[in-house]
Every structure is written in C-alpha cells, then in structure tokens.
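*Asks:* Going down the list, the protein sequences come from chains A and B. Each residue of the first sequence is one higher than the one before, starting from 6 at the first, in the working numbering. Each residue of the second sequence is one higher than the one before, starting from 63 at the first, in the working numbering. The beta-carbon is built from N, C-alpha and C at its ideal position, and this holds for glycine as well.
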Amino acid sequence: MAEANRLTIADARDRLRARDISAVELTETCLNAIGDAGALGAFVHQTPEIALEQAKAADARLAGGDAPAMCGIPLGVKDLFCTRGVPSQAASRILEGFRPDYESTVTRNLWDAGAVMLGKLNMDEFAMGSSNETSCYGPAVNPWRRAGDETGLTPGGSSGGSAAAVAADLCLGATGTDTGGSIRQPAAFTGITGIKPTYGRCSRWGIVAFASSLDQAGALTKSVRDAAIMLEAMCGHDPKDSTSADLPVPCFEAALDGDIRGRKIGIPRQYRMDGMPEEIERLWATGAEMMRDAGAKVVDISLPHTGYALPAYYVIAPAEASANLARYDGVRYGHRAALAEGEGIGDLYEKTRAEGFGPEVRRRVMIGAYVLSAGFYDAYYNRARKVRALIARDFEAAFADGVEAILTPTTPSAAFGLGEMQNADPVRMYLNDVFTVTVNLAGLPAVSVPAGLDGAGLPLGLQLIGRPWNEGALLNAAHVLEKATGFVSKPARWW
Amino acid sequence: MPDALSYTAPEAKVIRGAVSDWELVIGLEVHAQVSSQAKLFSGASTRFGAEPNANVSFVDCAMPGMLPVLNEYCVEQAVRTGLGLKAQINLVSAFDRKNYFYPDLPQGYQISQLYHPIVGEGEVIVDMAPGIARRVRIERIHMEQDAGKSIHDMDPRLSFVDLNRTGVCLMEIVSRPDIRGPEEAAAYVGKLRRIMRYLGTCDGNMQNGSLRADVNVSVCRPGAYERYRETGDASALGTRCEIKNMNSMRFIQQAIEHEARRQIAILEDGGAVDQETRLYDPDKGETRPMRSKEEAHDYRYFPDPDLLPLEIEQGWVDDIRAGLPELPDAKKARFVTEIGLSEYDAGVLTAEVEAADYFEQAARGRDGKQVANWVINDLFGRLAKDGLEITASPVSPAQLGGIIDLIAGGEISGKIAKALFEIVYTEGGDPAEIVAARNMRQVTDTGAIAAAVEQVIAENPAQAEKARQNPKLAGWFVGQVMKATGGKANPKAVNELVRGKLGL
Numbered sequence: 006m007a008e009a010n011r012l013t014i015a016d017a018r019d020r021l022r023a024r025d026i027s028a029v030e031l032t033e034t035c036l037n038a039i040g041d042a043g044a045l046g047a048f049v050h051q052t053p054e055i056a057l058e059q060a061k062a063a064d065a066r067l068a069g070g071d072a073p074a075m076c077g078i079p080l081g082v083k084d085l086f087c088t089r090g091v092p093s094q095a096a097s098r099i100l101e102g103f104r105p106d107y108e109s110t111v112t113r114n115l116w117d118a119g120a121v122m123l124g125k126l127n128m129d130e131f132a133m134g135s136s137n138e139t140s141c142y143g144p145a146v147n148p149w150r151r152a153g154d155e156t157g158l159t160p161g162g163s164s165g166g167s168a169a170a171v172a173a174d175l176c177l178g179a180t181g182t183d184t185g186g187s188i189r190q191p192a193a194f195t196g197i198t199g200i201k202p203t204y205g206r207c208s209r210w211g212i213v214a215f216a217s218s219l220d221q222a223g224a225l226t227k228s229v230r231d232a233a234i235m236l237e238a239m240c241g242h243d244p245k246d247s248t249s250a251d252l253p254v255p256c257f258e259a260a261l262d263g264d265i266r267g268r269k270i271g272i273p274r275q276y277r278m279d280g281m282p283e284e285i286e287r288l289w290a291t292g293a294e295m296m297r298d299a300g301a302k303v304v305d306i307s308l309p310h311t312g313y314a315l316p317a318y319y320v321i322a323p324a325e326a327s328a329n330l331a332r333y334d335g336v337r338y339g340h341r342a343a344l345a346e347g348e349g350i351g352d353l354y355e356k357t358r359a360e361g362f363g364p365e366v367r368r369r370v371m372i373g374a375y376v377l378s379a380g381f382y383d384a385y386y387n388r389a390r391k392v393r394a395l396i397a398r399d400f401e402a403a404f405a406d407g408v409e410a411i412l413t414p415t416t417p418s419a420a421f422g423l424g425e426m427q428n429a430d431p432v433r434m435y436l437n438d439v440f441t442v443t444v445n446l447a448g449l450p451a452v453s454v455p456a457g458l459d460g461a462g463l464p465l466g467l468q469l470i471g472r473p474w475n476e477g478a479l480l481n482a483a484h485v486l487e488k489a490t491g492f493v494s495k496p497a498r499w500w
Numbered sequence: 063m064p065d066a067l068s069y070t071a072p073e074a075k076v077i078r079g080a081v082s083d084w085e086l087v088i089g090l091e092v093h094a095q096v097s098s099q100a101k102l103f104s105g106a107s108t109r110f111g112a113e114p115n116a117n118v119s120f121v122d123c124a125m126p127g128m129l130p131v132l133n134e135y136c137v138e139q140a141v142r143t144g145l146g147l148k149a150q151i152n153l154v155s156a157f158d159r160k161n162y163f164y165p166d167l168p169q170g171y172q173i174s175q176l177y178h179p180i181v182g183e184g185e186v187i188v189d190m191a192p193g194i195a196r197r198v199r200i201e202r203i204h205m206e207q208d209a210g211k212s213i214h215d216m217d218p219r220l221s222f223v224d225l226n227r228t229g230v231c232l233m234e235i236v237s238r239p240d241i242r243g244p245e246e247a248a249a250y251v252g253k254l255r256r257i258m259r260y261l262g263t264c265d266g267n268m269q270n271g272s273l274r275a276d277v278n279v280s281v282c283r284p285g286a287y288e289r290y291r292e293t294g295d296a297s298a299l300g301t302r303c304e305i306k307n308m309n310s311m312r313f314i315q316q317a318i319e320h321e322a323r324r325q326i327a328i329l330e331d332g333g334a335v336d337q338e339t340r341l342y343d344p345d346k347g348e349t350r351p352m353r354s355k356e357e358a359h360d361y362r363y364f365p366d367p368d369l370l371p372l373e374i375e376q377g378w379v380d381d382i383r384a385g386l387p388e389l390p391d392a393k394k395a396r397f398v399t400e401i402g403l404s405e406y407d408a409g410v411l412t413a414e415v416e417a418a419d420y421f422e423q424a425a426r427g428r429d430g431k432q433v434a435n436w437v438i439n440d441l442f443g444r445l446a447k448d449g450l451e452i453t454a455s456p457v458s459p460a461q462l463g464g465i466i467d468l469i470a471g472g473e474i475s476g477k478i479a480k481a482l483f484e485i486v487y488t489e490g491g492d493p494a495e496i497v498a499a500r501n502m503r504q505v506t507d508t509g510a511i512a513a514a515v516e517q518v519i520a521e522n523p524a525q526a527e528k529a530r531q532n533p534k535l536a537g538w539f540v541g542q543v544m545k546a547t548g549g550k551a552n553p554k555a556v557n558e559l560v561r562g563k564l565g566l
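1. Only counting the same chain, and skipping five residues up and downstream in sequence, which positions put a Cβ closer than 8 Å to that of B:L167?
2. Cutting at 8 Å between CB atoms, please list the residues of its own chain near B:T508, excluding the five before and the five after it.
3. What is the DSSP secondary structure of A:P414, counted as helix, strand or coil?
4. From the beta carbon of A:I200, is the nearest beta carbon of chain B less than 7 Å away?
5. I want to see whether chain A comes within less than 7 Å of B:F163, judged by CB atoms only; does it?
6. Only counting the same chain, and skipping five residues up and downstream in sequence, which positions put a Cβ closer than 7 Å to that of A:D251?
7. Determine which residues of the region 118-147 of chain B have a Cβ less than 8 Å from any Cβ of chain A, and write them out in chain order.
8. Just to confirm the assignment: which complete alpha helix (DSSP H) runs, minimum length 4, are found wholly within the region 180-265 of chain B?
9. Verify the CB distance criterion: does A:G40 have a CB-CB separation below 7 Å to chain B?
10. Whole angstroms is fine: what's the gap from A:I372's alpha carbon to A:Y385's?
11. Alpha carbon to alpha carbon, what distance is there between A:A328 and A:L315?
12. Using beta-carbon positions only, say whether A:L175 and A:A44 come within less than 7 Å of one another.
13. What do you reckon, are the CB atoms on A:A60 and A:A28 nearer than 7 Å?
14. For chain A, check one thing: does any of its Cβ atoms lie closer than 7 Å to the Cβ of B:R362?
15. Using a C-beta to C-beta distance shorter than 7 Å, which residues of chain A count as neighbours of B:L102?
16. Could you name the residues of chain A that B:R568 contacts, counting a contact when the two beta carbons are closer than 7 Å?
17. Is the region 102-119 of chain A in contact with the region 79-92 of chain A, if contact means three or more CB pairs nearer than 8 Å?
18. Decide if B:Y363 is buried, meaning its Cβ has at least 16 other Cβ atoms within 10 Å, or exposed.
19. Please confirm whether A:S418 has its beta-carbon closer than 7 Å to some beta-carbon of chain B.
20. Should B:N152 go down as buried or exposed, given a rule of 16 or more other Cβ atoms within 10 Å for buried?
21. Roughly how many whole angstroms lie between the Cα atoms of A:R358 and A:A343?
22. Mind pulling the chain B residues with CB within less than 8 Å of A:G1?
23. Quick check: is the beta carbon of A:G211 nearer than 7 Å to any beta carbon in chain B?
24. The alpha helix (DSSP H) spanning B:W538 covers which residue range?
25. Just to confirm the assignment, what range does the alpha helix (DSSP H) spanning B:P523 have?
26. Just verifying my parser: in three-state terms, what is the DSSP assignment at B:Y177?
27. Who pairs with A:D183 in a beta bridge, going by DSSP?
28. Touching or not, the region 442-457 of chain B and the region 466-480 of chain B, by the rule of three or more beta carbon pairs under 8 Å?
29. Check whether the region 306-321 of chain A and the region 441-450 of chain A are in contact - that is, three or more C-beta pairs closer than 8 Å.
30. Near A:S136, what residues of its chain come up, given a Cβ to Cβ distance below 6 Å and the 5 sequence neighbours on each side ignored?
31. Which residues in chain B have a C-beta closer than 9 Å to the C-beta of A:Y107? List them in chain order.
32. Pick out the complete alpha helix (DSSP H) segments inside the region 49-132 of chain A, 4 residues or longer, and give them in chain order.
33. For the beta strand (DSSP E) that A:Y204 lies in, which residues bound it at each end?
34. Using the beta-carbon count (16 or more within 10 Å), is A:W499 buried or exposed?
35. Closest by CA to B:T339, which one among B:R353, B:G333, B:G332 and B:K346?
36. For A:R448, which residues from the same chain have a beta carbon less than 6 Å from its beta carbon, with the 5 sequence-adjacent residues on both sides left out?
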C-alpha cells in the first residue's frame, strides 16, 4: 500500500488486524521513506534486518488474531535508549562503537507488544539541548520550513530526531525522553503530539541517564489517540528501576471519550511572560476558548513559584548529570583517548572526556560539579531542591482546588533556524524550556498538542499538564483540544 | 541478669616526649563487609576468590542506563549490627553519591549514606583486662558500596582492574574519639569483629579484607581530653591525621604508635600537624601522606536520585531485635554470674561464638568450671598444636563431656583421662566404650590392690624397712604399685593400703 507510512498508529492497527496490510509491507514503506529522507538527519542508525524480522513475527502474531495494539507498528527509537546489539550512543562521541548487551525496559516492552524497530534517532548529545544541534551526528532538520524560505529549521530537542521522523512520516511513532521538555518542545516545533507521563510511569532502566530525578520516557506520535496507545505499551512497573511506580497501567485509549464537560482547566497567570510573541498569546487564548466551548470550566490559577523553575532546573539537572556522566571515562567502553608515553590515568580521563564530550555537555558537567562543590552546595543545589518542592506544592494546591488539567503554551516561539543560536548566550537556548521544566520538577504528566500555525506557516503547540498518575484524563483533555483545533497540516515535502 | 559486668575505665596511654607527656586520642572508621551472597545494589555474587571480573554485573561495571536496586538482606544486616551495638535505628535513611574518579570505581561515584545513615548512636564495651574496659561511643553506621581493586604491579605499562569487589556492601562503623591507646584501638576492632561474628553480619576476615579500619589519631597534653569530654568542644584536642585502610590489628597498633610519635616530634619541635590522610608502611614502620593537598578531593556529595529514601518499619526492626542471639557481653556476664567462671575464663570462652557454643554444649548438666578447664587447657591447647579451629575439633562436646563424666564417676583418674582424651582426639570413639575395651577403668577392688601392695613389699624388704623408719618413703611404694597396676589403681586406695601394710 502506497504511503502506508502516513498512517496513524490507530489506523494502521485496524488495517493490520483486518489483514488489509501486512506488517512487512508497512515496515518496508517506512524503510523506503527513511531511505529517501537522509536530508532530515533523523535516523542515525537504521536496523532494517531487525525491522523485517520483527515485522514477520508480527504478521504471524496478527494472523493468530489476538495481537496487541502495537503489533506490527514500525517505530523509531531515540538514541538514548540502549537497544541490544544495536549502536546506542546518546549522540555522543564518547560512546563511539558502544553496542549494549541489553535492551532497555521501555523498548523491551514495545518489542514484546509486537512493535517494529526501524532504527535509532538523532538527538542532542546526552539529551542536553533544545535544538538537536549538540548531536555528534550533526543536527536533525525540521521537515517544516517557513513559507517561501529554505532556511533549515531545528526540529527542537533533545528528541529532535524523533520529532522530525514522526512529522515526516518516516515512522508511525517514536520514543523520546523528556528531562525538561525534550519530548514536548520538539513535538510543538514539528506539529505532532508528544507526551511525557508521570515520573515513575516508564522504567528508566536501560535509558542513558541525564538527570535521574527528571528523566522520563514518553512517546511522539501523530495523534493523541496514538500517544495513548503507544504510551500504554511502554510503561509499567519495573523492579529494576527503584523509582518506577508499582501501579497498574490503565487503558489510556479507553479514557478518550471526548467529554470534559464540567472539568476544571486551569490557566496559570505566571506563564504569561514579557516579550512573548503575540501569536503564542493568541493561540493560548484560543485553546482556552476551545476548552470552554467543549464544556470545561476554564479558571485562572496561580503557580507562584514558576519564575524560579528554570534556574532551579539548570542547577538540579546539571548536578545530577555531572555524576551520571562520570562513568564515561574511557576505561571500560566507548571512546578512549590515545595517551603519550608517560601519561597516566588523570590524562586518560581528561583527554577522553575532552575529546568525547561536546561543548554543551562539558558546560553542564562543569556547572553540575560547581553547584555541588564544597561551599556552594547549600547556595545552589540545596536551594534548588527547596524551590523544586515549592513548585510541586504550587501544582498540588491547584489540583486540590479541583483543577483537572492546566493549559499553557508549549514553547515561547516556533521553531528557529539551525545555527541561529550558535553565538547566543546559552541561557537564551535554555529559555526554550521555560514552560516545560516545571512539569519535570514536579514529576507531572504533560502533553503537547499541535494547535495552529504561526504567520510563517510553522506549527505551534499547546501544553496540557495533568494530575500525577492520571494520564488518561490528561489525554482525554488533549483529545478534546486536538479535535477542536482540527490541526491536520503536514509539512510540504522538500527532502 | 546483667547484660554486662561492671568495669572501670583503663588509664590513657601516656607517651613521654622530650619536653612533656602526651596522650593519644583515637577514633576509628571500621569498614565491615556484610556477609551476604549478593552485592548491595546489583545482585552479582560476592564470593571471595573468584576469577578476576567474574562477579560483575552490568550495574557493577556501570554500563549506560543501569540502575541500582537495594538488597534488602544487606539492610537487615546493617540493622542487626546496629542493634548489636545498642544503637539507634533510623527508620528513614537515604543514599548519597560520593563523587571521585578512579578506575576501580566504575560509576565515578560511590553510593554511600552521608546525610542520613541507617544507624545512629550506640556503644561498644572494649574489655581490656578483668574488671577493666573502655566504653567507646559509636557515632553512626552507614551502608556503602565497596570499590574494586586496581593492580599496578602486573605490567610495566598497564594497570589492571578487578571489579569483583565493586558494589559489595560495606558497613562503615564510625566511633567517637574515645579510644586512648594503640592496644585499645586493636581491642576495639577485635570487639566489633566479635560482636559481628556473633550476629553473623560480617565474617570478620581481615586477611580477605572483610574488615578494614581507617584510624584517626591525634595527640594532646594530659587533661585536654577530659576538657573535651566535659565541653564537647573538639578544639581542645590536637589536629588529627587519618591512617587509611588498615587490615591487621598488629599494624593498627604499630601505625598508631608511630603516628603519635611523629606528631609529638613535630609539636615538640614547635611545628603544627597538618590534617591529612596517611598510609602506614609496615616494612618501614612509618606513615606517609597519601596524596598532596592539590589532589585533595571535593566529593560533591548529593542524594542519589536513582534511589528513593529508605523507609523501614519499627515492627520489622523489632522482629530483627527479637531474633538476635545472645551477644558476647551478655554471654560473658552469664558465664561469670551463673556458671561461676572467672572473668578471664569467661572472656576466653566467649571470644569466638563457636567456642562459647562448644563450651555450653559440653557443660550442659556438668560442672562448668571443670568443663571450662578442659576446654581452655586441654582442648584449645591440643587444637592449637594442630592449627585447628574449634569448629574442626576432632573431639565433640559430647565426647569431651563423656570423658569428664568418667572422671566425675570415679571410673578413671585425671591422668588416665588425659590419655583417654588423646585417644578420642586421634582415633575417635565413645570414651566409655574405649575405657571398657582397653581396660582403662580405675581399679577400686581393694583385694586386688592389696595383693599388689603385698607383692611389692615382699619383693623389696630393704626398702620396706627404710620406709618403716622414715614414713616419707612410703610414696615410693605407692608409685611402684601404680606402675604394677598400669596406673589404673585408685591412688587414694593404694596409699591407704601401703601405709596399712607397712604399719605406719
């Protein structure tokens, strides 16, 4: 079937089950699309043999008649996930040549459900970045362009390859990870759906760690329904991750009844920022209007500590990263610097890490080491932890007031040009996360839904933040928003 | 019954310097490897002596994306140890990362418990001599991962790393600076070792590295320590140096002695002691700095985000407490107060739990003092000759008890008993049966003894005449009769008969 790669997961599932199309055909269509899309830089490692083998097995299961929803669905996997026997290097030179002997729990869950792995997807190095430009492979490119302008745009980051691949129909869905917005911002920049579940929903086992208390896997898909289907297959309790929640996983798709009448949707006044583009402001207001039209009670809420979230995040995340990345030392795997005669272990560390880590990773490791160092710990790390607790309390208070979901813009702007921020103060790049980091600090689930196009024809996203462990209700609200916006635009193919 | 006997504190050791007298103040950080099959966070085996890098999981070698999962058994052993040291158990504790780079530390950080240890304050009674013991306050016990082993002497250009020990659970037992001499320090380590062996939480094998100590030593003028104890102000004490990673009691004593003298020499010379980490070189008999100041670590401790705070329940702690064995202090006190042993003997018998168990089995229903003498003098002596542990004793408690019963029943003499013990030790068998089969029973039949006496007197008329003149010489006849009866005659009966027949 031509262009089967353009199907949503939900449609493909139905067709696969109807034996209208085979998993092998669907997989081959995606592999062809990937082959034609080199210019997007989305896939950094393709696994066609694995894909076709898995597709064959999926077809056999589908023929049996009781295949799970994800059976036969071709996916891309962010390079941060360790996949057995397949290069997994977090887009970093320091993990050059690393092929793990184990499979991350999340991808294991997906393959157990019959999903098909097309390959590994580009990302910012160690998930540190908001533009995919810190990747050792070079950036992934946004399939969207400004009207009448051939400037290459960022697909966002860190899950930029995942977003570009899904937006360009190279796969039906992709895994991502989100530490400060790394699923939601790229989803917004590429006109697709991205969900980060509650911290602890997805096992972190086998995912290269960036900031352990913030990292959470999630899904990038073409619709909210797809996000529900895919997320359900990814999550679940894992005894190998002590922070994984021992809670049953409900059927998220079943929650999509489209009824949010009487539900309270909060609009946090602190998210209205100085200098925010008017288009974003308008989009947000329109979104609120749509929720109201669907019967929700839209209320103003206050999340008073929002302004401290970004600095707190940029203390906590680098602190944890500085320790998490200490294991990349050239001793056991990955890149090892060549030493001159007479050089010792200290030189091995310094050279290996200087050569293996890109500038943004080095910067964050240094920030992290600094904020944890003797004499600064209380001023930075401990203060940030306190701020984090206050931010979580802000949300708790809102939810205690009966708010079911909180509506905000996903990003303060549409996708920007690759290289545009190259010489900018790094803090300007960090500002991309201003609406998303609060969610990670509080461990909440949130979803970005494409909600419209800006004046240049680029997609913009709205974010819904949900109650912990209530992804079903969150996705239902997102589903309502999705229907109301009626966003169906696709990027014009140029690649 | 008292949990422990009452003691008075020993005198602090005094070192005479060139200028004045000095006292020592010592605190120890003892690293005890938890006796568990699996590591603290990885489930890999802890077996000692395995091929290099055989006991290494993906977690231990810090592969990307690997996560620690706490071993509940190790937590239980830490709690047991805490209870054994009469310490406070913290129902909420937490794990922190201690960051530093070294090849035998694959994660680049050690998971430890800096801010919230699982065990708080406790106490250890360090017995030095009968009636004398030092009470050493325990500050805390925390759990942490052991590091691996770097091997630098196998290749001129390369170092090798063995990660078998990486991630094994250690308990770090931190004392207050309450120890006042090298002997006390060694005795303190010995006492901790004894308590943990009773508890089964650490095998105490210092040679294999299951028990290691970092020793903090400072010196002060007499009186300064008392000021510190009164005020709690540690500035009354001298600057301390930490001697790292000692795995022998003898070296601990030597190192403290050397370090104290080094510090005294500096101070008496008008210098100041630098607070630093040092290593003891037993070959040279000196301590030297471990690293220069520029290399001093900032460990950047912070809570490990991969692990949730550890919450345990009081009920679980109570269950563990209820299952604790009788510990050395209580056992020793009971041996003294109930069985009537001397404190010295009770101390010897309770030094190892296996010896105490042996003694108690052998002493059941018997005279405890007599059994204690046999165990300490005869059994321990014989085992030491063969280099055997009590657990490998060829003579079981029941067999030893059997020998003692034969003495008590008058069936064999003490002398025969020694011979019987040697037979049981080397050949085995039931003591009573051996006595019967080999005709070792004491002859109490006065008729038979009388005949033997008459024969000896008849054969030695000249001796008999002398003995009648000088009764002291009657002993010669007793010896001859004993010889004639193969030592089986009851010596008391022989003596009476000899004197009777000689008319004394």
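*Replies:* This is what the structure gives:
1. Start at 1 with the first residue of the second sequence, and residue 167 of chain B comes out as number 105. Hits under 8 Å: A209, G210 and T228.
2. Sequence index remark: in the second sequence, residue 508 of chain B carries index 446 (1-based). If we look at B:T508 and ignore the five residues flanking it on each side, its Cβ neighbours are A555 and L559.
3. Taking the first sequence and counting its residues from 1, the one referred to as residue 414 of chain A is at position 409. The answer is strand: DSSP assigns A:P414 an E or B state.
4. By 1-based counting over the first sequence, the position of residue 200 of chain A is 195. A:I200 does not count as touching chain B.
5. Numbered from 1 along the second sequence, position 101 holds the residue referred to as residue 163 of chain B. It does: the Cβ of B:F163 has a partner Cβ on chain A nearer than 7 Å.
6. Locating residue 251 of chain A in the first sequence gives position 246, counting from the first residue. For A:D251, where only same-chain residues beyond five positions count, the Cβ hits under 7 Å are H242.
7. F120, C123, A124, M125, P126, G127, M128, L129, P130, V131 and L132
8. 244-261
9. One-based indexing of the first sequence puts residue 40 of chain A at position 35. Chain B, which has no Cβ nearer than 7 Å to the Cβ of A:G40, makes this no.
10. Indexing the first sequence from 1 puts residue 372 of chain A at position 367. Indexing the first sequence from 1 puts residue 385 of chain A at position 380. Near 10 Å, if we compare the C-alpha coordinates of A:Y385 and A:I372.
11. Counting from one through the first sequence, the residue named residue 315 of chain A turns up at place 310. Counting from one through the first sequence, the residue named residue 328 of chain A turns up at place 323. One C-alpha to the other measures close to 20 Å.
12. As a first step, residue 175 of chain A must be located in the first sequence, where it is residue number 170. As a first step, residue 44 of chain A must be located in the first sequence, where it is residue number 39. No, they are not a contact pair.
13. Here residue 60 of chain A is taken as the residue at index 55 of the first sequence, counted from 1. Here residue 28 of chain A is taken as the residue at index 23 of the first sequence, counted from 1. Yes. Within cutoff.
14. Locating residue 362 of chain B in the second sequence gives position 300, where the first residue counts as 1. Yes - at least one Cβ of chain A is within 7 Å of the one on B:R362.
15. Position 40 of the second sequence, counted from the start, is the residue given in the question as residue 102 of chain B. By Cβ distance, chain A contributes nothing, its closest Cβ being about 13 Å from B:L102, past 7 Å.
16. Any answer about residue 568 of chain B is impossible in this case: the structure gives chain B only from 63 up to 566.
17. yes
18. Counting from 1 along the second sequence, the entry for residue 363 of chain B is found at position 301. Label assigned to B:Y363: buried.
19. As a working note, residue 418 of chain A is residue 413 in the first sequence. So, not an interface residue.
20. For the purposes of this step, residue 152 of chain B is identified with residue 90 of the second sequence, where counting begins at 1. Buried: at least 16 other Cβ atoms inside 10 Å.
21. The residue you call residue 358 of chain A lines up with position 353 of the first sequence. The residue you call residue 343 of chain A lines up with position 338 of the first sequence. Roughly 12 Å separates the two Cα atoms.
22. With chain A running from 6 to 500 in the structure shown, residue 1 of chain A is simply not present.
23. For the purposes of this step, residue 211 of chain A is taken as residue 206 along the first sequence, with counting starting at 1. Closer than 7 Å: yes.
24. The count along the second sequence starts at 1 and reaches residue 538 of chain B at position 476. Unbroken alpha helix (DSSP H) run through B:W538: A536 to A546.
25. Position 461 of the second sequence holds residue 523 of chain B. Segment P523 to Q531, the alpha helix (DSSP H) holding B:P523.
26. As a working mapping, residue 177 of chain B is identified with position 115 in the second sequence. Of the three classes helix, strand and coil, the one that applies to B:Y177 here is coil, per DSSP.
27. Your numbering for residue 183 of chain A matches position 178 in the first sequence. DSSP, once it has assigned bridges, lists A:Q221 as partnering A:D183.
28. no
29. yes
30. The sequence position of residue 136 of chain A within the first sequence is 131, counting from 1. Taken in chain order, the residues that qualify are T159 and G162.
31. Translated into the one-based positions of the first sequence, residue 107 of chain A becomes position 102. Going along chain B in sequence order, the residues near A:Y107 (Cβ under 9 Å) are F120, M125, G127 and M128.
32. 53-69 and 110-117
33. Within the first sequence, the letter at position 199 stands for residue 204 of chain A. Segment: none, A:Y204 is in no beta strand (DSSP E) and carries neither H nor E.
34. Here residue 499 of chain A is taken as the residue at index 494 of the first sequence, counted from 1. Per the 10 Å Cβ criterion, exposed.
35. Along the second sequence, one-based indexing puts residue 339 of chain B at 277. Nearest option by C-alpha distance: B:R353.
36. Translated into the one-based positions of the first sequence, residue 448 of chain A becomes position 443. Inspection of the sequence shows that residue 448 of chain A is occupied by Gly rather than by Arg. If we look at A:G448 and ignore the five residues flanking it on each side, its Cβ neighbours are Y204.
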